[in-house]
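Sequence positions in the sequence shown follow this note's numbering and run 891 to 1055. Glycine included, every Cβ here is placed at the ideal spot set by N, Cα and C. Note sheet for the following structure.
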Amino acid sequence: MYTMFLLALASARHSIHITNPYFVPDEKMITTLLGAANRGVQVKLLIPGAIDHNLVRQASRSGFGRLLKSDIQIYEYRPALLHAKTMVVDGIWATVGSTNLDRRSFSLNEELNVAIYDVDTAQRLERVFEEDLRNSRRVMYKEWNDRGFTSRFLEILAFPLKEQM
């Protein structure tokens, strides 16, 4: 799954739309996302506004700065707990499954995704993604950078545990 995700991100030409509840990517995944954004690919991430594991949320949010500075758009879904795990690349390729963008999913858990190379399916998933964005709040760099002491402290506490997430 890890290799498939990296190849999909690296081959994107126009757009990457990711929905994932446990977004704690490793450095290679972050670099690949940044590389896509730097080549002009529109990258949008949809993550939960509320999560069942606050430590994971803090670990995830600690890395937002680099992404936001590279014009990667991050949205927090508000109406309910978000548990979907989807990715659509260029409106023609998609994956849906159980894989989170974290080390546990890629190296420890037994995850299963289906990869779909079909315009109709990919565009249908993009429409769902866009509907979900309408129920989400965009994270802006200034807001993220101005987060309080408590958030920053929890991010520091979560940092050593990122390898386990």
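- For the 7 Å CB-CB criterion, Ile937 and Phe954 do not form a contact.
- For Ile1006, the CB contacts under 6 Å within the same chain, skipping 5 residues up- and downstream, are Ala984 in chain order.
- In this structure, the beta-carbon distance from Ala1012 to Ile962 does not fall below 7 Å.
- Between Ile964 and Leu935, the beta carbon gap of about 5 Å places them in contact (Cβ cut-off 8 Å).
- Under the three-state reduction of DSSP, Leu972 is assigned to coil, being neither helix nor strand.
- Taking a C-beta distance under 7 Å as the contact criterion, Ser901 and Gln932 do not qualify as a contact pair.
- Within the same chain, Ile908, Thr985 come within 6 Å of Met977 by CB-CB distance, once the 5 residues on both sides are set aside.
- Along the stretch 970-1032, the alpha helix (DSSP H) occurs as fully enclosed runs of 4 or more residues at 1009-1024, listed in sequence order.
- Taken through DSSP and simplified to helix, strand or coil, Ser905 comes out as strand.
- Tyr967 sits in a strand when the DSSP states are folded into three classes.
- One thing to note: Pro915 has its Cβ no nearer than 7 Å to the Cβ of Leu998.
- Between Leu972 and Pro911, the C-beta gap is smaller than 7 Å, which places the two residues in contact.
- For the set Lys1032, Leu1044, Phe1039, the Cα lying nearest the Cα of Lys959 is the one of Lys1032.
- At the C-beta level, Asp980 and Arg903 come within 7 Å of one another.
- Distance from the CA of Met919 to the CA of Glu966, rounded to the nearest whole angstrom, comes to 20 Å.
- Where Ile937 is concerned, there is no enclosing alpha helix (DSSP H), although the beta strand (DSSP E) around it starts and stops at 932-938.
- Sixteen is the threshold: since fewer than 16 other Cβ atoms of the shown chains lie within 10 Å of the Cβ of Val1004, the residue is exposed.
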